[in-house]
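Novice:
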Amino acid sequence: MKKLTYLLFFVLVVLASNSYAQELSPCGTQLGISSWLRDFQARPSGSPRNDETLYVPLQIHVVGNDDGVGYMSKLTVMRSFCTLNNDFADANIQFFLANPIHYIDNSTYYEHDFDGGYDMMTEHNFPNAINCYIVQDPAGNCGYFFPGVDGIALSKSCTQPNDHTWAHEVGHFLSLPHPFYGWEDENITPDQPAPDFVNGWQVEKLDGSNCNNAGDGFCDTPPDYLSYRWSCNVTGTSNVVQQDPNGEDFVSDGTLFMSYSNSGCKNRFSLDQIAAMQANILEERPNLLTVAPAAGSLVIPETENITVLSPAPAALIEGSSVRLAWQPVPNATHYLVQVNPFSIFSIVFNEFIVDEPALTFTNLLSAETFFWRIFPFNAYNTCGSFTRPANFDTGNVTASQDLLAGEQLRVTPNPSGSGQVFLELESRSSGPAVWQVLNLQGQVLQTQSFQAITGSQRIPISTLQLPTGLYLLRLQLHDRMAVEKFLLN
Ligand SMILES: [Zn+2]
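Residue numbers (numbering that gives the first Met the number 0): 0 to 488.
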């Protein structure tokens, strides 16, 4: 029944997320070519590419509605942040999580217009970091960079691990225009040479003669006039043929993150774009410069299995909470922990981020097997993977010992796979007694009376007829009762 409830929940979640599906514009950034960028592009050979990695703090804000519903999942945040860092690896720019994820519950920000975005960033921006807000609907766009208030808004649906919207918007943050700069909200006229100017800006020619003063001003990004979302062919270029002002035919390069091609086409910044972004950090945003982390401190070794410290193997969890603890993974400062009442994790019911190798999980159900796995990471490296799941069991009857001080009931060995367990009793009085074996539904499977003696005694109980699983041993001794759980494996 419980599993059915989970399934129903899953169906509802899928329906709810589909009902939100909508067409978002690729990018809402309104960004001119800054005077700094004009100056940079006018330098004799730009700036040489910096081989030293720049470490840049980035603050992630995950926004939900007023009820705290609709957050992007922690795992998706981690995986998408990994994609962002991979996209900037060739640029030698490495972002790191300035602080833990900052959660905001505000329906006005969750689905906002530009005014709402301005308010959100004004209210919540952290100093000395690139502030990125992951919301449901950022003013009808996949994302945008808001220069005035200096923040980035991203839609959940365009910021999945295979998307490159995040890289595109951080490119804007670091001064990059679209390669089709000037053509925003303009359409090309098919089969006709483009005009010399569009929106007062020079139209870039195929021969490179005006590349420094047209389009995005970078000479290693070829002409591109496509200011709508487009699909590329296998060579990563557009199927749409455009004509430059000289009447020369060309197609757009969809491999550039700053273009409007589909995410699947994109895989690079150009060398001039990289040089500009590095120089922009060094010259315009020195507050984002940080000391490089210690060499070798970022690599997280592949960890296949959790080395569980708690709960003990085959321990039977009592009460409503359990302490999960594990051997630390080298270089991991944080762990994403998932706990599920089944062994698959395609849908996750309990997800946590902890900054120590331990977690107290309080959402236990009775008579379930819980599975849990960990994803080790640090602020720089969220590209790791999950361990295999470990598991523990809970019962629906609480074990109890209503015995006198100095008396004790034990079941040994526990767990047992030998077809036999022993009832071990420490008693302070002698007399008639009864033991029973019950399943977790409370059904009595075996009953036997015996004579208890003062002191220690050990009674064999055959379990050959019992399938593997959890059982209860109940002892009645005069007016006293004790219940112990045991596992047959
Ligand atoms: Zn853009």
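C-beta: ideal position from N, C-alpha, C; glycine also. All values derive from a computational prediction rather than experimental measurement.
According to DSSP, simplified to helix, strand and coil, what is residue 314?
Specialist: Residue 314 sits at position 315 when you count from the first residue of the sequence shown. Three-state result, residue 314: coil.
Novice: Which word fits residue 83, buried or exposed, when buried means at least 16 other C-beta atoms lie within 10 angstroms of its C-beta?
Specialist: Taking the first residue of the sequence shown as position 1, residue 83 is located at position 84. Under this definition residue 83 is a buried residue.
Novice: Looking at C-beta atoms only, is the number of pairs between the segment 120-135 and the segment 232-240 that lie closer than 8 Å three or more?
Specialist: No contact exists between the segment 120-135 and the segment 232-240.
Novice: Are residue 222 and residue 205 close, meaning C-beta to C-beta below 8 Å?
Specialist: Here residue 222 corresponds to residue number 223 of the sequence shown, with the count starting at 1. Here residue 205 corresponds to residue number 206 of the sequence shown, with the count starting at 1. Taking 8 Å as the Cβ cut-off, residue 222 and residue 205 qualify as a contacting pair.
Novice: Can you tell me which of the three DSSP states residue 159 falls into?
Specialist: To locate residue 159, count along the sequence shown from 1; it is residue 160. Reduced to three states, the DSSP call for residue 159 is coil.
Novice: Can the beta-carbon of residue 145 be found less than 8 Å from the beta-carbon of residue 117?
Specialist: Locating residue 145 in the sequence shown gives position 146, where the first residue counts as 1. Locating residue 117 in the sequence shown gives position 118, where the first residue counts as 1. Taking 8 Å as the Cβ cut-off, residue 145 and residue 117 qualify as a contacting pair.
Novice: Kindly identify the DSSP beta-bridge partner or partners of residue 389.
Specialist: Walking along the sequence shown from the start, residue 389 turns up at place 390. Per DSSP, 371.
Novice: What residue from 263, 405, 188, 62 has the CA that sits closest to residue 153's CA?
Specialist: The residue given as residue 153 occupies position 154 in the sequence shown. It is 62.
Novice: Answer with buried or exposed for residue 416, where buried requires no fewer than 16 other C-beta atoms within 10 angstroms of its C-beta.
Specialist: As a working note, residue 416 is residue 417 in the sequence shown. Looking at its Cβ environment, which holds fewer than 16 other Cβ atoms inside 10 Å, residue 416 is exposed.
Novice: Just checking residue 26 against ligand 1 - is the residue's beta carbon closer than 7 Å to any of the ligand's heavy atoms?
Specialist: Position 27 of the sequence shown, counted from the start, is the residue given in the question as residue 26. Checking every heavy atom of ligand 1 against the Cβ of residue 26, one is found closer than 7 Å.
Novice: Is residue 258 buried or exposed, if buried means 16 or more other CB atoms sit within 10 Å of its CB?
Specialist: Within the sequence shown, the letter at position 259 stands for residue 258. Buried, because 16 or more other Cβ atoms sit within 10 Å of the Cβ of residue 258.
Novice: Pick helix, strand or coil for residue 54, following the three-state DSSP scheme.
Specialist: As a first step, residue 54 is located in the sequence shown; it is residue number 55 there, counting from the start. Looking at residue 54 - three-state DSSP - the assignment turns out to be strand.
Novice: Hey, would you say residue 308 sits closer than 8 Å to residue 331, going by beta carbons?
Specialist: Numbered from 1 along the sequence shown, position 309 holds the residue referred to as residue 308. Numbered from 1 along the sequence shown, position 332 holds the residue referred to as residue 331. It is not a contact, given that the beta carbons lie outside the stated cut-off.
Novice: Taking the alpha-carbon of residue 243 as reference, which of 229, 213, 272, 106 has the nearest alpha-carbon?
Specialist: For this step, residue 243 is matched to residue 244 along the sequence shown. Comparing Cα-Cα distances from residue 243 to each of 229, 213, 272, 106, the minimum goes to 213.
Novice: Going by C-alpha distance, which of 343, 316, 357 is nearest residue 336?
Specialist: Your numbering for residue 336 matches position 337 in the sequence shown. When only C-alpha atoms are compared, the closest one is 357.
Novice: Beta-carbon separation of residue 420 and residue 462 under 8 Å?
Specialist: Numbered from 1 along the sequence shown, position 421 holds the residue referred to as residue 420. Numbered from 1 along the sequence shown, position 463 holds the residue referred to as residue 462. The answer is yes: Cβ separation under 8 Å.
Novice: Skipping 5 residues on each side, what residues in its chain have a beta carbon closer than 7 Å to that of residue 20?
Specialist: As a position in the sequence shown, residue 20 is number 21, starting the count at 1. Because residue 20 carries a pLDDT of 42, less than 50, the predicted location of this residue cannot be relied on, and the following value inherits that uncertainty. No residues qualify anywhere along the chain.
Novice: To the nearest angstrom, how far is the alpha carbon of residue 191 from that of residue 246?
Specialist: Here the question's residue 191 lines up with position 192 in the sequence shown. Here the question's residue 246 lines up with position 247 in the sequence shown. About 7 Å.
Novice: Would you kindly report the start and end of the unbroken alpha helix (DSSP H) that includes residue 134?
Specialist: Within the sequence shown, residue 134 is the residue found at index 135, counting from 1. Looking at the DSSP string, residue 134 is not in any alpha helix (DSSP H); the run it does join, the beta strand (DSSP E), is 129-134.
Novice: Do the CB positions of residue 380 and residue 297 come within less than 8 Å of each other?
Specialist: Mapped onto the sequence shown, residue 380 falls at position 381. Mapped onto the sequence shown, residue 297 falls at position 298. Yes. Within cutoff.
Novice: Give a single yes or no on whether residue 163 has its beta carbon closer than 7 Å to a heavy atom of ligand 1.
Specialist: On the sequence shown, position 164 is the one that residue 163 refers to. Residue 163 Cβ: outside cutoff for every heavy atom of ligand 1.
Novice: Report all residues from its chain with a CB closer than 7 Å to the CB of residue 302; omit the five preceding and five following residues, and keep chain order.
Specialist: Residue 302 sits at position 303 when you count from the first residue of the sequence shown. Closer than 7 Å at the Cβ level, and outside the excluded window around residue 302, lie 328, 375, 386.
Novice: Can you say whether residue 121 is buried or exposed, counting buried as having 16 or more other CB atoms within 10 angstroms of its CB?
Specialist: On the sequence shown, position 122 is the one that residue 121 refers to. Residue 121 should be labelled exposed.
Novice: Taking its Cβ as the centre, do 16 or more other Cβ atoms sit within 10 Å of residue 126, making it buried, or is it exposed?
Specialist: Within the sequence shown, numbered from 1, the residue matching residue 126 stands at position 127. It counts as exposed.
Novice: Just to confirm my understanding: we take residue 488, look at its own chain, exclude 5 residues before and 5 after, and list those with CB closer than 8 Å. What are they?
Specialist: To locate residue 488, count along the sequence shown from 1; it is residue 489. 313, 414, 415, 416, 467, listed in sequence order.
Novice: Once the 5 residues before and after residue 79 are set aside, which same chain residues still bring their CB inside 6 Å of it?
Specialist: On the sequence shown, residue 79 is found 80 positions in, with the first residue counted as 1. Hits under 6 Å: 158, 160.
Novice: Counting only the same chain and skipping the five closest in sequence on each side, list residues whose C-beta sits under 6 Å from that of residue 267.
Specialist: Your numbering for residue 267 matches position 268 in the sequence shown. Here the set comprises 254.
Novice: Would you grab the beta carbon distance between residue 390 and residue 370 for me? Rounded to a whole angstrom, and I think it's under 8 Å.
Specialist: On the sequence shown, residue 390 is found 391 positions in, with the first residue counted as 1. On the sequence shown, residue 370 is found 371 positions in, with the first residue counted as 1. Contact holds; Cβ gap of about 5 Å.
Novice: Grouping DSSP H, G and I as helix and E and B as strand, with all else coil, what is residue 39?
Specialist: Start at 1 with the first residue of the sequence shown, and residue 39 comes out as number 40. Of the three classes helix, strand and coil, the one that applies to residue 39 here is helix, per DSSP.
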